[in-house]
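Working notes for the structure below.
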């Protein structure tokens with residue numbers, strides 16, 4: 001179905017009522033899902049979008065997308081999981097096993113034929129005609145295709161495993177898969193079973209038990225099971241420091257270096273290694289969720305690790321002993337068993353697994369951010385705080401002409417609104433008055449109120465419908481533009497009109513003197529701070545003064 005490109009009709013955030021209905025439908029379609037698993041697939045608070053598409057044959061399909069990956073798709077009122085959802089819960093559907101060359105045929109649009117099915121000793125799964133099922137490859141339990149059973153299990157046996165077995169709807173590497181982050185299937189090894197499939201939770205428990213056994217064997221090989229726990233505690237107490245303890249010790253030594261330049265100095269590489277480990281553990285413990293996996297290593301560094309770097313410090317892998325992110329993550333995997341990194345696509349590595357129960361991660365304490373250390377003035381200065389840039393928000397004020405459009409929300413003339421709130425009010429007004437065009441829902445019918453508020457006099461007799469985008473743009477265009485300036489430590493400042501940009505101009509003074517003017521008074525609460533900053537950074541003379549004509553503060557910088 002998705003072997004060829006499809007056309008996107010709409011992409012909107014799901015409503016609360018639709019989210020609850022979707023969870024109920026998925027729970028009814030897949031009763032094997034527990035409440036916790038259902039909440040992970042369809043979380044209550046995270047953003048979930050509904051994408052309506054048209055397949056290349058004209059079929060209308062609805063996609064439910066979470067974290068940019070489609071989790072389910074709905075076709076003819078039947079809900080099917082995508083490979084992204086099945087990689088998280090591989091035991092969700094009954095599966096048929098086949099060989100790798102068959103996958104290439106299915107990606108091209110072919111169905112799974114029964115001669116290509118690998119029949120295990122326990123036999124094919126028990127399915128009825130039309131039941132949703134998945135297809136896996138030999139030696140990997142991760143599903144690579146989703147479809148419906150062409151015949152029942154009894155008919156498969158009676159036909160001698162000949163004919164069509166699964167009508168394939170969606171496969172790994174098709175256009176629906178490409179609509180997500182294009183990650184590859186995880187490596188889920190085959191599990192020895194006695195006629196039963198081991199679900200994902202049991203598989204994870206087995207892995208944890210194996211890791212515990214390996215740790216216990218490294219400490220004392222011949223101890224009895226009853227004494228293993230106590231022995232492990234003694235070994236860990238007498239052995240090397242954990243990553244968390246090393247990080248804490250390194251951080252303390254780093255502080256001592258600043259205070260005592262002559263005592264017990266460490267190399268810059270060791271300091272950067274400690275900072276790298278701290279940011280790594282901090283990111284895993286407070287930033288990364290299980291639902292984020294698999295996670296690109298580059299994304300993990302750029303989004304998560306950099307944001308965990310303490311104030312006043314800069315994370316630079318090239319200054320560490322590892323030099324490259326891949327070597328650092330390989331060390332975290334091989335020496336500490338914290339993560340598992342895999343190359344899902346050629347040349348692109350992803351974190352596919354995190355050991356949340358690892359002692360290094362469990363006992364790591366997230367450091368408290370102390371901004372005051374960075375803000376202290378050197379040499380006992382004036383004690384000015386660290387400058388933080390202001391936040392500027394575009395706002396709009398209701399005018400007298402548009403007041404009838406906002407009366408239902410009790411928004412009178414002069415009320416200041418954000419653009420998103422304006423769109424919401426206009427949308428509710430259109431739906432409440434049933435102004436959406438029945439023939440084409442992209443258009444809105446103009447009623448007398450919209451006519452008076454949004455149309456020019458020359459358009460009264462000509463324009464009967466407006467597109468949604470045109471409706472919003474006209475509404476915002478006829479409102480008074482304002483802006484809000486949020487300066488840290490001060491109350492919000494709201495002003496009407498366009499915000500004045502920073503103006504930089506160079507003028508000549510005397511025969512060979514150049515001065516540069518900066519209009520910065522609107523954006524900073526402390527002009528002396530910027531004057532000092534210019535002086536120190538550029539080694540120039542900087543003064544400031546006000547101009548009553550323009551109401552701005554100008555920096556006069558003599559070169």
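Numbering (the UniProt record's numbering), first residue to last: 1 to 559. Ideal Cβ positions, reconstructed from N, Cα and C, are used throughout, including at glycine. Bear in mind the structure is a predicted one, so any value in this text is a computation, not a measurement.
| Asked | Found |
| --- | --- |
| Nonlocal neighbours in the same chain, by C-beta distance under 6 Å from residue 147, ignoring five residues either side | 166, 167, 168, 169 |
| C-beta atoms of residue 83 and residue 185 nearer than 8 Å | yes |
| Under the three-state DSSP convention, the category residue 1 falls into | coil |
| Residue ranges of each alpha helix (DSSP H) within the stretch 425-476, 4 or longer | 448-454 |
| Contact belief for residue 320 with residue 269 at Cβ below 8 Å, rounded distance in angstroms | 6 Å |
| Reduced DSSP category for residue 334 - H, G, I as helix; E, B as strand; rest coil | helix |
| Test item: CB-CB of residue 144 and residue 136 under 8 Å | yes |
| Helix, strand or coil at residue 24 according to DSSP, with G and I counted as helix | helix |
| Euclidean distance between Cα positions of residue 236 and residue 336 | A caution first: residue 236 carries a pLDDT of 40, below 50, which makes its placement in the model unreliable, though a value can still be read off. For residue 236 and residue 336, the distance between alpha carbons rounds to 13 Å. |
| Element boundaries [beta strand (DSSP E), containing residue 285] | Residue 285 -> not in any beta strand (DSSP E); alpha helix (DSSP H) instead, spanning 268-286. |
| Residue 282 versus residue 308 - alpha carbon distance | 6 Å |
| Residues near residue 27 by beta carbon distance below 8 Å, same chain, minus five either side | 33, 38 |
| Candidates 48, 72, 445, 303: closest to residue 11 by CA position | 48 |
| Close-in-space but distant-in-sequence residues of the same chain around residue 471 (CB under 6 Å, 5 per side omitted) | 444 |
| Secondary structure, beta strand (DSSP E): runs of 3+ residues fully inside the stretch 49-93 | 60-66, 69-75, 78-81 |
| Where residue 508 falls: helix, strand or coil (DSSP) | strand |
| Where residue 315 falls, given that 16 or more other Cβ within 10 Å makes a residue buried | buried |
| Which of helix, strand or coil DSSP assigns to residue 304 | helix |
| Anticipated Cβ contact below 8 Å, residue 397 with residue 480, distance rounded | 4 Å |
| Residue 461 classed as buried or exposed, judged by whether at least 16 other C-beta atoms fall within 10 angstroms | exposed |
| Alpha-carbon spacing of residue 469 relative to residue 390, whole angstroms | 30 Å |
| Burial state of residue 54, where buried means 16 or more other Cβ atoms lie within 10 Å | exposed |
| Cross-strand partners of residue 95 (DSSP beta bridge) | 134 |
| Spatial distance of residue 227 from residue 2 (CA atoms) | Bear in mind that the predicted position of residue 227 carries a pLDDT of just 43, short of 50, making it too unreliable to give a figure here. |
| Nearest-angstrom Cα separation, counted from residue 415 out to residue 486 | 19 Å |
| Cα-Cα separation, residue 327 to residue 296 | 15 Å |
| 8 Å Cβ cutoff met for residue 112 and residue 98 | yes |
| Cβ-based neighbour list, residue 351, same chain, cut-off 7 Å, excluding 5 preceding and 5 following | 293, 294, 295, 297, 300, 339, 341 |
| Check whether residue 275 and residue 323 have beta carbons under 8 Å apart | no |
| Buried or exposed by the 16-neighbour rule on C-beta atoms within 10 Å, applied to residue 120 | exposed |
| Residue 290, DSSP secondary structure in three states | helix |
| Residue of 77, 305, 438 minimising C-alpha distance to residue 288 | 305 |
| Residue closest to residue 93, alpha-carbon to alpha-carbon, out of 134, 123, 78 | 134 |
| Close Cβ partners of residue 13 (< 6 Å) along its chain, the five nearest in sequence each way excluded | 49 |
| Residue 107 versus residue 437 - alpha carbon distance | 40 Å |
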